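In what follows, a single structure is set out as structure tokens and then discussed.
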Amino acid sequence: MSDLLNSVREKAKKLKKTIVLAEGEEPRIITAAAQASKEGIANLVLLGNPDVIAKKAQGAKLDGVKIIDIKKIDTEPYAQLLYELRKDKGMDIEKARKTVLDPLYFGVLMVKRGEADGMVAGSVNATGDVLRPALQIIKTAKGIKTVSSCFIMVLDKNSKYGENGVMVFGDCAVNPNPDSRQLADIAVASAATAKAIAGISPKVALLSFSTKGSAKHELVDKVTAALEIIKTEHPELDVDGELQADAALVPTVAELKAPGSKVAGHANVLIFPDLQAGNIGYKLVQRLAGAEAIGPICQGFNMPVNDLSRGCSSEDVVNVIAMTALQCG
1 MSDLLNSVRE
11 KAKKLKKTIV
21 LAEGEEPRII
31 TAAAQASKEG
41 IANLVLLGNP
51 DVIAKKAQGA
61 KLDGVKIIDI
71 KKIDTEPYAQ
81 LLYELRKDKG
91 MDIEKARKTV
101 LDPLYFGVLM
111 VKRGEADGMV
121 AGSVNATGDV
131 LRPALQIIKT
141 AKGIKTVSSC
151 FIMVLDKNSK
161 YGENGVMVFG
171 DCAVNPNPDS
181 RQLADIAVAS
191 AATAKAIAGI
201 SPKVALLSFS
211 TKGSAKHELV
221 DKVTAALEII
231 KTEHPELDVD
241 GELQADAALV
251 PTVAELKAPG
261 SKVAGHANVL
271 IFPDLQAGNI
281 GYKLVQRLAG
291 AEAIGPICQG
301 FNMPVNDLSR
311 GCSSEDVVNV
321 IAMTALQCG
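For the sequence shown, this note's numbering begins at 1 and goes up steadily by one.
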């Protein structure tokens, strides 16, 4: 495990956050809950039938882990909250009562009610199914209208790129073709993730095939428009664009292509213009440079919800629990 993930776990221990795991009957989730609880990374809540969980635990000690069987408790307060939040969208009380029996909805409602600080799911559910309840109930953070994702890329600590070899790439998993507003939101959220989870001071580069007007195209215009939005709304951020990747990363190239930029040549947060570029980019760095790709990390929610890969290991789940705790602030 990388030094960064060790650091994330240690920071999470100090926060004592409560994280609800909606897929509580999944063996990998049970193992992760036992491990995270043992290490003191967070207070854990498993949603599921206690007998089923005990049978699947296979010796994993769940001391200190709270188990909630939605079918055995009074869910009416949760149904009433869901109804109030969604009645303008056509939700009636009977539908709300049925919907809260879905652990993904119940988990998010726990977060909304302040009974948990964040939720983790996705080991057996599709991304859309995990994010939909969060979008409907928790919604996005103040000033942000776009939920996105990023990867923390961990290179060799002696690497000349990033901060001690750590970089953040966004968006690599959620938004196929963000417009300028969405691109700005992705950049702001990625900067927050860089600070909260990666522990680095964000220097944000909005990437393009052009640097400072070297090419004219509507795809470039989208990036420069995003920069203006960020500068207006978040003047405190170190951000620049449009920048080609070499101008963002290499000081000698930056001096030629973007002289005077505080970010060019020193970027540690790379914002890709679309999902194709982002997904290809992180995988190239992962495979060709041997970087560890941590994520995808969901960002932009008012309160944290993270989506697991369905191929995740129990160790991956523990790491996501810790990262979710850090996103709680």
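Cβ coordinates follow ideal geometry from the N, Cα and C atoms, glycine included.
Because the structure is a prediction, the values reported are computed rather than measured.
(1) Quickly, what does DSSP pair D238 with across the bridge? List them, please.
(2) Can you check whether the CB of I200 is closer than 8 Å to the CB of E228?
(3) Taking the continuous alpha helix (DSSP H) assigned at V166, which residues delimit it?
(4) Between A33, E292, K72, V253, which has its C-alpha nearest K61's C-alpha?
(5) Evaluate the contact criterion for the stretch 40-47 versus the stretch 18-28: three or more CB pairs, one atom per stretch, below 8 Å.
(6) Can you find the residues in the same chain that come closer than 7 Å, C-beta to C-beta, to L109, ignoring five residues on each side of it along the sequence?
(7) Looking at C-alpha atoms only, which residue of N175, D156, A198 is the closest neighbour of K11?
(8) Counting beta carbon pairs with one atom in the stretch 159-175 and one in the stretch 213-233, are three or more of them shorter than 8 Å?
(9) Could you check which residue in V52, A54, K98 has the C-alpha nearest to that of D74?
(10) Check this for me: beta carbons of V130 and G118, under 8 Å apart or not?
(11) In the DSSP assignment, what are the bridge partners of L46?
(12) Go to V305, then tell me how far its beta strand (DSSP E) extends in each direction, as first and last residue.
(13) What residue from L183, G290, V263, N306 has the CA that sits closest to F272's CA?
(14) Report the residue from S314, V317, M303, C312 whose alpha carbon sits nearest the alpha carbon of G114.
(15) Return helix, strand or coil for L104, following the three-state DSSP convention.
Answer, in terms of the structure:
(1) Paired residue(s): K203.
(2) no
(3) It is not in any alpha helix (DSSP H) - V166 instead sits in the beta strand (DSSP E) that spans 166-170.
(4) A33
(5) yes
(6) Y78, L81, L82, V100, I137
(7) It is A198 whose Cα lies nearest to the Cα of K11.
(8) no
(9) K98
(10) Contact flag unset, no.
(11) L21, I67
(12) For V305, the enclosing beta strand (DSSP E) starts and ends at 305-307.
(13) L183
(14) M303
(15) helix
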